[in-house]
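**Student:**
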Amino acid sequence: MGLPTPFPEHHDTDLGALRHGLAEAQRAIGLSDPNPRVGCVITSPDGRVIGSGHTQAAGHAHAEVMALRDAAARGHDVRGSTVYVTLEPCAHHGRTPPCCEALIAAGVARVVAAVNDPNPLVSGQGMARLQAAGILTQLGLLADDARELNIGFFSRMQRSRPFVRMKIAASLDGRTALQNGVSQWITAAPARTDGHAWRKRAGAVLTGIGTVRDDDPRLDVRLVETAGQPLRVVIDSRLEIPLSARLLAPPGQALIYCAVAPATRPDLIAAGVELFELAGPGGKVNLPAVLADLSRRGINELHVEAGEKLNGALLREGLVDELLIYLAPKLLGPGLSMAALPALSTLADLPAWRWVDCTPVGGDLRLRLRPV
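Encoded structure:
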């Protein structure tokens, strides 16, 4: 049995249909976690779109099944059709049956997938089963776009940790707050709304006890529409969080990692707040262990909105995969920095980052960087 046919040349029809599939997959953001965001488009032999869909909430239909249902609802026969899907059809029984079996049973003629599923339970097996059933398979069209859309899912499957995105709002001189801790608002409303769109991508939003004390944030998604709320996570070594903290209130759930026995806070336990002890050196929370635990909980993308101490700790330990920085055209002077980092003796010791994106958002500037 051969490998799926690659795409040495991209046919316009295939590109258009798979871009449609990527647009469908975008609709699964904030909905499908911990499953990947997948879109599917079905075209007739003459190239007409006869069905489309995206992955639903965990335990419900995947993109391929949604597209098959859509085609049936429109009265279309999918036999002999081409299926465009942004991730390899699954080949295992999870909360739902295998999508490759649904496509085989439907009698489709061709399946074009953007990228292989990194889940070891799939990882090529879906395409292989389609091939074994006599279905033409092709792989690799718009692979980078599809992988980027599910960068957290790939991270969790391949590294057993979420993709960590650190969001910072700062002035031109790199200050996140005045010396007295006041930080609302350095950036303008459009940047704050854009920040909520990135929160929506995340399975969890993480902060530290210092930010809880100083700002009492909610850390929910409210400035953009979303089907669900991310898990709110607090690093609180000594369990100092007040029961009145706004992020402990609905909607959504809260999880606190600590370095002391949870039994020391019966009030939090009685209120239904989950406390998880992960002690590290020096009485601090073990941050790599936090990421491993969040991965086991199915968190694909972790969105960090914290202060300079926790930001510095995550950066020092090499746990940040992307910086999401909003720069306001302001100069604050003395104040809090983006991250509390140790002094370097030479410029050669500087960690290297590369630019991913630079986009104006309202009157502010959004910067995205990743480690080299």
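In the numbering used here, the protein residues as written are 1413 to 1784. Even glycine gets a Cβ: it sits at the ideal position worked out from N, Cα and C.
Applying the criterion that 16 or more other CB atoms from any shown protein chain within 10 Å of the CB defines a buried residue, is A1682 buried or exposed?
**Tutor:** Counted from its first residue, the sequence shown places residue 1682 at position 270. Answer is exposed; the Cβ neighbour count stays below 16.
**Student:** From the DSSP output, in three-state form, read off L1748 for me.
**Tutor:** Locating residue 1748 in the sequence shown gives position 336, counting from the first residue. Reduced to three states, the DSSP call for L1748 is strand.
**Student:** Going by DSSP, what residue range makes up the beta strand (DSSP E) through K1612?
**Tutor:** As a first step, residue 1612 must be located in the sequence shown, where it is residue number 200. Where K1612 is concerned, there is no enclosing beta strand (DSSP E), although the alpha helix (DSSP H) it sits in stretches over A1601 to R1613.
**Student:** Once DSSP output is grouped into helix, strand and coil, what is the label at S1567?
**Tutor:** Within the sequence shown, the letter at position 155 stands for residue 1567. Helix at S1567.
**Student:** Can you find at least 3 beta carbon pairs, one from the region 1471-1487 and one from the region 1663-1676, that sit closer than 8 Å?
**Tutor:** The region 1471-1487 makes no contact with the region 1663-1676; the number of CB pairs closer than 8 Å stays below 3.
**Student:** For R1587 and W1597, which I take to be in contact (beta-carbon distance under 8 Å), what is that distance rounded to the nearest angstrom?
**Tutor:** Indexing the sequence shown from 1 puts residue 1587 at position 175. Indexing the sequence shown from 1 puts residue 1597 at position 185. Not quite, the Cβ-Cβ distance comes to about 13 Å (not below 8 Å), so this is no contact.
**Student:** When the Cα atoms are used, what is the spatial distance from R1630 to L1660?
**Tutor:** By one-based count along the sequence shown, residue 1630 stands at place 218. By one-based count along the sequence shown, residue 1660 stands at place 248. About 8 Å.
**Student:** Please report how far the alpha carbon of C1452 lies from the alpha carbon of G1487, in whole angstroms.
**Tutor:** Locating residue 1452 in the sequence shown gives position 40, counting from the first residue. Locating residue 1487 in the sequence shown gives position 75, counting from the first residue. Taking the straight line from one Cα to the other gives about 18 Å.
**Student:** Rank V1497, P1446 and I1516 by C-alpha distance to the C-alpha of L1554 and give the top, closest one.
**Tutor:** Taking the first residue of the sequence shown as 1, we reach residue 1554 at position 142. When only C-alpha atoms are compared, the closest one is V1497.
**Student:** Judging by CA-CA distance, which residue of N1592, Q1468 and L1434 is the nearest neighbour of G1745?
**Tutor:** Indexing the sequence shown from 1 puts residue 1745 at position 333. Measuring from the Cα of G1745, the nearest candidate turns out to be N1592.
**Student:** Between which two residues does the alpha helix (DSSP H) harbouring Q1591 extend?
**Tutor:** If you number the sequence shown from 1, residue 1591 lands on position 179. Element bounds for Q1591: n/a, residue is neither H nor E.
**Student:** Can N1528 and E1500 be called in contact, C-beta distance under 8 Å?
**Tutor:** As a first step, residue 1528 must be located in the sequence shown, where it is residue number 116. As a first step, residue 1500 must be located in the sequence shown, where it is residue number 88. It is a contact, given that the beta carbons lie within the stated cut-off.
**Student:** For the region 1464-1498, which segments carrying the alpha helix (DSSP H) assignment without a break, of at least 4 residues, lie completely within its bounds, in sequence order?
**Tutor:** 1475-1485
**Student:** Go through its chain and collect everything with a Cβ distance to N1447's Cβ below 6 Å, but skip five positions before and after it.
**Tutor:** Start at 1 with the first residue of the sequence shown, and residue 1447 comes out as number 35. T1467 and A1470, listed in sequence order.
**Student:** By the three-class DSSP mapping on this structure, what secondary structure does K1579 have?
**Tutor:** Looking up residue 1579 in the sequence shown gives position 167. Three-state DSSP puts K1579 in a strand.
**Student:** Just tell me which of L1443, G1747 and V1523 has its CA closest to the CA of A1545.
**Tutor:** Along the sequence shown, one-based indexing puts residue 1545 at 133. Closest by alpha carbon: V1523.
**Student:** Return the Cβ separation of R1613 and E1713 in integer angstroms, given the expectation that the two are a contact with Cβ distance under 8 Å.
**Tutor:** Translated into the one-based positions of the sequence shown, residue 1613 becomes position 201. Translated into the one-based positions of the sequence shown, residue 1713 becomes position 301. Under the criterion of beta carbons closer than 8 Å, R1613 and E1713 qualify as touching, at roughly 5 Å.
**Student:** How is H1374 classed by DSSP in three states: helix, strand or coil?
**Tutor:** Absent from the model: residue 1374. The displayed extent of the chain is 1413 to 1784, so no value can be given.
**Student:** What residue range is occupied by the uninterrupted beta strand (DSSP E) comprising E1500?
**Tutor:** On the sequence shown, position 88 is the one that residue 1500 refers to. Careful: E1500 lies outside any beta strand (DSSP E) and carries neither H nor E.
**Student:** Tell me whether T1771 is buried or exposed, calling it buried when 16 or more other Cβ atoms sit within 10 Å of its Cβ.
**Tutor:** Residue 1771 sits at position 359 when you count from the first residue of the sequence shown. Looking at its Cβ environment, which holds fewer than 16 other Cβ atoms inside 10 Å, T1771 is exposed.
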